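Below: the structure, in structure tokens.
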Amino acid sequence: MLSARSTSTPAGDVARADVAVVGAGPIGLAVAWRCAARGLRVTVHDPAPGSGASAVAAGMLAPIAEAYFGERDLTGLLVESAARWPAFAAELTEATGVDLGYRTDGTLLVGLTADDLAEARRLWAYQRELDLPVTPLRPSELRDREPALAPRVRGGALAATDHQVDPRLLVPALRTAAERAGAVLVPGPVRALSELDAAVTVVAAGCGAAALTGLPVRPVKGQVLRLRAPGGAPPGFRHVIRGYADGEHVYLVPRTGGEVVVGATVEERRDTDVSAGAVLRLLRAAVDLVPELAEYDLIETAAGLRPGTPDNAPILGPLPGRPDVLAATGHHRHGIVLTPVTADLIADLVTTGVPDPLLAPFRPDRFTGPSGSVAADRGEPARTSEEDPWN
Ligand SMILES: Cc1cc2nc3c(=O)[nH]c(=O)nc-3n(C[C@H](O)[C@H](O)[C@H](O)COP(=O)(O)OP(=O)(O)OC[C@H]3O[C@@H](n4cnc5c(N)ncnc54)[C@H](O)[C@@H]3O)c2cc1C
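Quick note: the sequence shown uses the numbering used here, first residue 13, plus one each step.
Here it is, written out as structure tokens:
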């Protein structure tokens, strides 16, 4: 489709971009980096880069723990993207000198009570059916790996290949890499796609994509806490710990700098208020699994809005009837793990015009009727969220 600096830019119109990216979250910035590195002229439009869901995200790269019933296509994409993470992280660190907090200690999946363990085991059985590497552990084996786990924890499993990265380090690094490759950040919101003058537009605006495209992307609220080990020491455990504690699902993500991210609620709401009840439930579940967390400082409570879709999978590819507008949105709970594969596949699509077969299950037109009418913006101003039936 596009080759380096090859668009039919009118003489004298040096400002026309090959690619305009809407949204400077992890997805938009990674797409911009990949496109700019191929020699394309790229602009990235965002009034507040990095202020979306990624600002609160835990950064688990967890295709195994996140392999849920009925989501095989999504699981395949998660596995594919997670496999790209080591090279992606190394390349990004090489390009920027930034340590991303990328850690490969693995993930422990645990159940506190017999009921919790029974629920977890159903999922592990399904994950093993898919040939995903989940290794059941006896309670003694669990505690050998993580002595900080509560003695009450009944059992668990190891997902050694589920890793983590720190999104608060990742997103600024992606911005630096994109800018060093030549992408230009344009501070300001895009209210209608018709404002943009580019050969190809990539809509990577997270929850903002619905108002620009009519795609069914809705906010799914998640509340998270951040704790810090006393005296700035590293947390007393090194694996990501995910599990069920008296029916409450919780994850604990230890960072090298001493922080532990505790998350997260999943709520069909669009506000970013933090509720006392959510803090109480998350803290209780966290301390049930790892008692020493009661001694940690509570340093932050926050809420973010995941860009959710009707089938929990991202929306990747051209809008129906608009081959010049590519969606890269709807990454819901998985935008961090899916960053490398999304950036690669969308940059390939921009440059070749040919969609990789991996994109097939995630096309935007899976949500349209026979008429193919996703209401791609053709110049109208963005709808307000109240008018937007999808939001
Ligand atoms: C509590 C929580 C925990 C999470 N944990 C994980 C995790 O462990 N692992 C994982 O993989 N994912 C996780 N996620 C999901 C992940 O954060 C998102 O999927 C990811 O951030 C999506 O990236 P994005 O770039 O598409 O959108 P966002 O990060 O939301 O960024 C969108 C950007 O678009 C901009 N924008 C919006 N509208 C416009 C407009 N009209 N014009 C210009 N710019 C616009 C915004 O300002 C923002 O900067 C979590 C999310 C939450 C809320």
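Ideal Cβ placement from N, Cα and C applies to all residues, glycine included.
Just so you know, these numbers come straight off a predicted model, no measurement behind them.
* To do: Using the Cα positions of Asp-30 and Val-54, report the straight-line distance between them to the nearest angstrom.
  => The alpha-carbon atoms of Asp-30 and Val-54 are separated by roughly 6 Å.
* Asked: Is DSSP giving Leu-14 helix, strand or coil here?
  -> In the displayed model, Leu-14 falls within coil according to three-state DSSP, outside both helix and strand.
* Option nearest Val-232 by Cα separation, candidates Glu-78, Thr-313, Pro-322 -> Distance check between Val-232 and each of Glu-78, Thr-313, Pro-322 places Pro-322 closest, using alpha-carbon atoms only.
* To do: Could you please give me the residues that DSSP links to Gly-320 through a beta bridge?
  => DSSP, once it has assigned bridges, lists Arg-230 as partnering Gly-320.
* Of all the options Ile-39, Val-56, Leu-370, Asp-368, which has the alpha carbon lying nearest to the alpha carbon of Ala-210? -> Considering only alpha carbons, the answer is Val-56.
* Asked: Considering only the beta carbon of each residue, do Pro-367 and His-343 sit closer than 8 Å?
  -> It is not a contact, given that the beta carbons lie outside the stated cut-off.
* To do: Please confirm whether Asp-174 and Thr-87 have their CB atoms less than 8 Å apart.
  => Not closer than 8 Å, so no.
* To do: Could you tell me if Asp-372 is buried or exposed, where buried requires 16 or more neighbouring beta carbons within 10 angstroms of its beta carbon?
  => Correcting the residue type first, residue 372 is Ala in the shown sequence and not Asp. Burial is judged here by how many other beta carbons sit within 10 angstroms of a residue's own beta carbon; Ala-372 has fewer than 16 and is exposed.
* **Test item: CB-CB of Leu-305 and Ala-298 under 8 Å** => In this structure, Ala-298 lies closer than 8 Å to Leu-305 by Cβ.
* Buried or exposed by the 16-neighbour rule on C-beta atoms within 10 Å, applied to Thr-364 -> The residue in question, Thr-364, is exposed, as its Cβ has fewer than 16 Cβ neighbours within 10 Å.
* **Of the residues Val-265, Ala-65, Asp-127, Pro-246, the one placed nearest Val-433, counting alpha carbons only** => Because the chain here runs from 13 to 403, residue 433 falls outside it and cannot be looked at.
* **Which of helix, strand or coil DSSP assigns to Asp-309** => Collapsing the DSSP output to three states places Asp-309 in a strand.
* To do: Please work out which residues of its chain come closer than 6 Å, Cβ to Cβ, to Asp-128, disregarding the five sequence neighbours upstream and downstream, and give them in chain order.
  => Non-local beta-carbon contacts of Asp-128 in its own chain, meaning distances under 6 Å to residues more than five positions away in sequence, involve Tyr-256 in chain order.
* Under a Cβ-count criterion, where at least 16 other Cβ atoms within 10 Å of its own Cβ denotes burial, should Ser-93 be classed as buried or exposed? -> Around the C-beta of Ser-93, 16 or more other C-beta atoms lie within 10 Å, and the residue is accordingly described as buried.
* Asked: Say the cut is 7 Å; is the CB of Arg-318 nearer than that to a heavy atom of ligand 1?
  -> Yes - ligand 1 has a heavy atom lying nearer than 7 Å to the Cβ of Arg-318.
* To do: Have a look at the DSSP bridge pairing and note the partners of Gln-235.
  => Note: Gln-235 is bridge-paired with Ala-315 in the DSSP secondary-structure output.
* To do: Report the rounded CA-to-CA distance for Pro-382 versus Gly-113, giving the unit in angstroms.
  => Because the pLDDT at Pro-382 is just 45, under 50, the model does not fix this residue reliably, and the point stays unresolved.
* May I have the straight-line CA-CA distance separating Val-110 from Ser-206, to the nearest angstrom? => Those two C-alpha atoms are separated by around 36 Å.
* Is Glu-280 helix, strand or coil when you go by DSSP? -> Here Glu-280 carries a coil assignment [DSSP, helix/strand/coil].
* To do: Can you give me the start and stop residues for the alpha helix (DSSP H) that Ala-130 sits inside?
  => Per DSSP, Ala-130 belongs to the alpha helix (DSSP H) from 126–141.
* To do: Drop a sphere of 10 angstroms on the beta-carbon of Ala-185, count the other beta-carbons inside from all chains shown, and report buried for 16 or more, exposed for fewer.
  => Buried, because 16 or more other Cβ atoms sit within 10 Å of the Cβ of Ala-185.
* Asked: How would you write the range of the alpha helix (DSSP H) that Thr-108 sits in, first residue to last?
  -> From DSSP, the alpha helix (DSSP H) with Thr-108 extends over 84–108.
* Whose CA, out of Val-349, Phe-249, Arg-28, lies closest to the CA of Asp-178? -> Selected option, being the one with the closest Cα: Val-349.
* Is the CB-CB distance between Gly-316 and Thr-284 below 8 Å? -> In contact: Gly-316 and Thr-284 (Cβ atoms closer than 8 Å).
* To do: Give the straight-line distance between the Cα atoms of Gly-259 and Ala-193, rounded to the nearest whole angstrom.
  => Rounded to whole angstroms, Gly-259 and Ala-193 show a C-alpha spacing of 47 Å.
* Do you know offhand how far Arg-345's Cα is from Ala-69's? -> Roughly 9 Å separates the two Cα atoms.
* **Residues bridged to Glu-271 [DSSP beta-bridge criterion]** => Beta-bridge annotation (DSSP): Glu-271 is paired with Arg-240.
* Asked: Between Pro-61 and Leu-328, what straight-line distance do the alpha-carbon atoms span, to the nearest angstrom?
  -> Cα to Cα, the separation comes out at about 21 Å.
* To do: Could you check the C-alpha separation between Phe-81 and Leu-135 for me, to the nearest Å?
  => If you take the alpha carbons of Phe-81 and Leu-135, they lie about 8 Å apart.
* Compute every distance between the C-beta of His-251 and the non-hydrogen atoms of ligand 1, then say whether any falls below 7 Å. => Checking the Cβ of His-251 against ligand 1 gives no.
* Check Val-31 in the structure and name its three-state DSSP category. => DSSP places Val-31 within a strand segment (E or B) once states are collapsed to three.
* Is any heavy atom of ligand 1 found at a distance shorter than 7 Å from the C-beta of Cys-219? -> Cys-219: yes, Cβ under 7 Å from ligand 1.
* Asked: Got a sec, what are the start and stop residues for the alpha helix (DSSP H) Asp-5 sits in?
  -> In this structure the chain extends from 13 to 403, so residue 5 is not present and cannot be described.
* To do: Any chance you could list the beta strand (DSSP E) runs of at least 3 consecutive residues sitting entirely within the stretch 45–78, in chain order?
  => Entirely contained in the stretch 45–78, the beta strand (DSSP E) runs reaching 3 residues are, in chain order, 54–57.
* Asked: So what's Ile-253 in DSSP terms, helix, strand or just coil?
  -> Ile-253 falls in the strand class under three-state DSSP.
* To do: Could you tell me which of Ala-44, Asp-58, Pro-59 sits nearest to Leu-52, measuring between CA atoms?
  => Per the C-alpha coordinates, the member of Ala-44, Asp-58, Pro-59 positioned closest to Leu-52 is Ala-44.
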